[in-house]
């Protein structure tokens, strides 16, 4: 009885030429490009300005903050609305809601960025670790949903006449989320069958 055609050791399960083979690590061009694309997009999302916000500093001077990803959530979520120019006390709850929704955007992108960066290596393996695959796949959802919260918060802040603008950092974060979801979904056929960590 024949077990089927012998697998070429110079090709991965997706029939592409292998660039590097070390045990379960089987790097093909497509896998390397997927992982590199995810990492580059995540890096761009972390280093580009995320938002711009006009607020009053401790000396009551009007300043414009342009934080990057990992500072944006703390600025938007940690800012007392009384430090916003044109603050109106009767609608304090509207300010709180708008700031919290806007802060949820970078917060979600932070979670997705860290988890995707730590688990995207799983795409390079011939048998994808089930545990790593789930974390990688699930990290795509906060990356894709982050702009929704950010944009809703931006609209609400605009209605309150708060000087807030969007930076470009959410765009590569969204693209990274889409790439993570597509790449992890395509790799689901390579998930290990023995459920080992």
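Numbering (this note's numbering), first residue to last: 535 to 731. Even glycine gets a Cβ: it sits at the ideal position worked out from N, Cα and C.
Residue i vs residue j beta-carbon contact at 8 Å
{"i": "residue 682", "j": "residue 587", "result": "no"}
{"i": "residue 716", "j": "residue 677", "result": "no"}
{"i": "residue 700", "j": "residue 585", "result": "yes"}
{"i": "residue 628", "j": "residue 694", "result": "yes"}
{"i": "residue 613", "j": "residue 601", "result": "no"}
Nearest neighbour of residue i, chosen from the options [CA to CA]
{"i": "residue 673", "options": "564, 648, 690", "result": "648"}
{"i": "residue 651", "options": "694, 710, 685", "result": "710"}
{"i": "residue 696", "options": "660, 596, 675, 679", "result": "596"}
{"i": "residue 679", "options": "660, 645, 693, 691", "result": "645"}
{"i": "residue 720", "options": "568, 583, 626", "result": "568"}
Cβ shell of residue i (< 6 Å), same chain only, five flanking positions each side left out
{"i": "residue 687", "result": "632, 635, 636"}
{"i": "residue 690", "result": "632"}
Sequence-distant residues of its chain with Cβ nearer than 7 Å to residue i (five each side left out)
{"i": "residue 553", "result": "561, 562, 563, 566"}
{"i": "residue 590", "result": "596, 617, 619"}
{"i": "residue 559", "result": "658, 659"}
{"i": "residue 594", "result": "none"}
{"i": "residue 626", "result": "615"}
{"i": "residue 661", "result": "558, 724, 726"}
Own chain, CB closer than 8 Å to residue i, minus 5 neighbours either side, in chain order
{"i": "residue 556", "result": "none"}
{"i": "residue 692", "result": "698"}
Would you check if the region 662 to 671 and the region 606 to 624 touch, i.e. whether three or more CB-CB distances between them fall below 8 Å? no
Decide if the region 635 to 642 is in contact with the region 604 to 612; the criterion is three or more beta carbon pairs, one per stretch, under 8 Å apart. yes
Between the region 699 to 706 and the region 650 to 669, do three or more beta carbon pairs fall short of 8 Å? no
Continuous beta strand (DSSP E) assignments of at least 3 residues falling wholly in the region 643 to 728: 698 to 700
Just list the alpha helix (DSSP H) runs in the region 580 to 641, keeping only unbroken ones of 4 residues or longer that don't cross its boundaries, in chain order. 603 to 612
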